[in-house]
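Trainee: Residue numbering for the sequence shown follows the working numbering, beginning at 28 and increasing consecutively. Built from N, CA and C at the ideal position, the CB exists for glycine as well. Owing to the predicted nature of the structure, the values given are computational and were not obtained by experimental measurement. Just dropping this structure here.
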Amino acid sequence: MKKLSFTDKIKALFSSAKPSQEFFEDLEDTLIEGDLGVSVAEEVVKTLKESLSRGKQVDRESLLSTTKDILKRDLKTVKVLPEKGRLNFFLVLGVNGVGKTTTIAKLADYFKKTTGIDNILFSAADTFRAAAIDQLTLHGERLGIKVISQKPGSDPGAVIYDTLESAKAKGVEIVLADTAGRMHTKTNLIKELQKLDKVIRGRIPEYHALLVLDSTTGQNGLRQAEIFAEAIKIDSVVLSKYDSASKGGIAIAVSKALGLPFSFLGTGEKIGSLVPFDPEEFLDNLLGIQ
């Protein structure tokens, strides 16, 4: 028997359109299962109950609409687009395996198509993994983008410094820098990121720290975001590996707990499968609203 997806369970739950105690308990359990987390799920159900007690019309559409409105309050989004005529530096963060390097290639392709900017540079500052350098180099070759790199084990700060020097000398408008996602300890990771932050801020007035979270990792995504946000200021989040099998509720949990806005959604493995994060479309898909 085929296992129901999160969206299918939500659709089945709301099809009854009877806000009984059992309905609210099932809704809370389903939201928790959808990676929103216990506290967020409890608050959503509590707010929904209060809204209905104020005399709102109760049918499937109004229940769904009210639930969507409640979720939308917690989901923060931001539009991210480089400006022509200046250096736009993106430091791409995330643990190993979330799709950081692929996301960098997708961002380059998206920015090139939407802004017309083609003087883009990659920075291979994940020097802890030779495979990461090789992968970014391969993406650079495919997209016609130069990659600044050093040998594996080199100082990531030195790679970032070289990248900034090269970018300034050649009038580069977009830099996308890869970073290591795993050190021996959390303390090492935080110190390394703070060092990179210092190197960048010493050379340019501002930059964009962009965190990549895997939509299939559940509540682990929240813990990852907490660690990276402890190290440096996160400007926006990309939700990667999002497709019909993903729940995606972690986006709401992260926004609610940490106040982080989502900028992009990775919907597949192809270079073109990256779209701006649309909260309306995201919540409609999450709740199965047609």
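Which two residues bound the contiguous alpha helix (DSSP H) that contains S18?
Mentor: Given a span of 28 to 317 for the chain in the structure shown, any question on residue 18 remains unanswerable.
Trainee: Mapping the DSSP letters down to three states, classify P303 as helix, strand or coil.
Mentor: In this structure, P303 counts as strand in the three-state DSSP scheme.
Trainee: Just list the beta strand (DSSP E) runs in the stretch 93-154, keeping only unbroken ones of 3 residues or longer that don't cross its boundaries, in chain order.
Mentor: Within the stretch 93-154, the complete beta strand (DSSP E) runs of at least 3 residues are 115-120, 147-151.
Trainee: Mapping DSSP to helix, strand and coil, what is V21?
Mentor: Because residue 21 is not part of the residues shown, which for the chain are 28 to 317, the question remains open.
Trainee: Where do the ends of the beta strand (DSSP E) carrying S267 lie?
Mentor: Element bounds for S267: 263-267.
Trainee: Could you give the DSSP three-state label for I277: helix, strand or coil?
Mentor: If DSSP states are grouped into helix, strand and coil, I277 belongs with the helices.
Trainee: Within the same chain, show all residues whose beta-carbon is closer than 7 Å to that of K99, passing over the 5 residues directly before and after it, in chain order.
Mentor: The answer, listed in chain order, is P306, L310.
Trainee: Which of the three DSSP states, helix, strand or coil, is assigned to K225?
Mentor: Here K225 sits in helix by DSSP.
Trainee: Nearest by alpha-carbon distance to A258: which of D224, Y188, E69 is it?
Mentor: Out of D224, Y188, E69, D224 has the C-alpha closest to the C-alpha of A258.
Trainee: Taking the Cβ atom as the reference point for each residue, do D241 and S263 lie within a distance shorter than 7 Å?
Mentor: Not in contact: D241 and S263 (Cβ atoms no closer than 7 Å).
Trainee: Go ahead and label K195 buried or exposed: buried means 16 or more other beta carbons lie within 10 angstroms of its beta carbon, across all protein chains shown.
Mentor: Under this definition K195 is an exposed residue.
Trainee: On the CB-based measure, 16 or more other CB atoms within 10 Å of its CB, does K45 come out buried or exposed?
Mentor: Exposed, since its Cβ has fewer than 16 Cβ neighbours within 10 Å.
Trainee: Given 8 Å as the limit, is there contact between the stretch 175-185 and the stretch 218-236, that is, 3 or more CB pairs closer than that?
Mentor: Judged by Cβ distances under 8 Å, the stretch 175-185 makes contact with the stretch 218-236, as three or more pairs qualify.
Trainee: Inspect the CB distances between the stretch 143-156 and the stretch 279-293 and report whether three or more fall short of 8 Å.
Mentor: Judged by Cβ distances under 8 Å, the stretch 143-156 makes no contact with the stretch 279-293, as fewer than three pairs qualify.
Trainee: Can you tell me which of the three DSSP states I259 falls into?
Mentor: Three-state result, I259: coil.
Trainee: Just to check my reading of the structure: P109 and T142 have Cβ atoms closer than 8 Å, yes? What is that Cβ distance to the nearest angstrom?
Mentor: Confirmed, about 6 Å.
Trainee: Please report how far the alpha carbon of K197 lies from the alpha carbon of R169, in whole angstroms.
Mentor: Approximately 21 Å between the Cα atoms of the pair.
Trainee: With a threshold of 8 Å on Cβ separation, who are the neighbours of K95 within its own chain once the five nearest residues in sequence on each side are excluded?
Mentor: The answer, listed in chain order, is L310, D311, L314, I316.
Trainee: Leaving out the 5 sequence neighbours to the left and right, which residues in its chain are closer than 7 Å to E55 when beta-carbon positions are compared?
Mentor: Counting only Cβ-Cβ distances below 7 Å, and skipping sequence neighbours, we find A68, E69, V72.
Trainee: On the criterion of 16 or more Cβ atoms from any shown chain inside 10 Å, does L301 qualify as buried, or is it exposed?
Mentor: Classification for L301: buried.
Trainee: So the beta strand (DSSP E) K173 belongs to, where does it begin and stop?
Mentor: Run containing K173: 173-175, per the beta strand (DSSP E) assignment.
Trainee: Which first and last residues belong to the beta strand (DSSP E) in which L238 is found?
Mentor: Here the beta strand (DSSP E) through L238 covers 235-241.
Trainee: Sorted by chain position, which residues of the same chain lie with C-beta nearer than 8 Å to R209's C-beta, five sequence neighbours on each side aside?
Mentor: Closer than 8 Å at Cβ, skipping near neighbours: V122, N123, F155, L216.
Trainee: In the DSSP assignment, what are the bridge partners of L203?
Mentor: L203 pairs with F117, F149.
Trainee: Please state if the CB of L102 and the CB of A279 are separated by a distance shorter than 7 Å.
Mentor: Per the sequence shown, residue 279 should be read as Ile rather than Ala. Yes, the Cβ-Cβ distance between I279 and L102 is below 7 Å.
Trainee: Specify the secondary structure class of M28 as computed by DSSP and reduced to three states.
Mentor: Because the pLDDT at M28 is just 46, under 50, the model does not fix this residue reliably, and the value given afterwards should be weighed accordingly. Looking at M28 - three-state DSSP - the assignment turns out to be coil, as it is neither helix nor strand.
Trainee: What is the DSSP secondary structure of S181, reduced to helix, strand or coil?
Mentor: Of the three classes helix, strand and coil, the one that applies to S181 here is coil, per DSSP.
Trainee: Please classify D136 as buried or exposed, where buried requires at least 16 other C-beta atoms within 10 Å of its C-beta.
Mentor: When all chains shown are included, D136 counts as buried.
Trainee: Using only the alpha-carbon positions, how far apart do I227 and S66 sit?
Mentor: Cα to Cα, the separation comes out at about 37 Å.
Trainee: Check the DSSP bridge columns for L292 and list the partner residues they point to.
Mentor: BP columns for L292 point to L266, V302.
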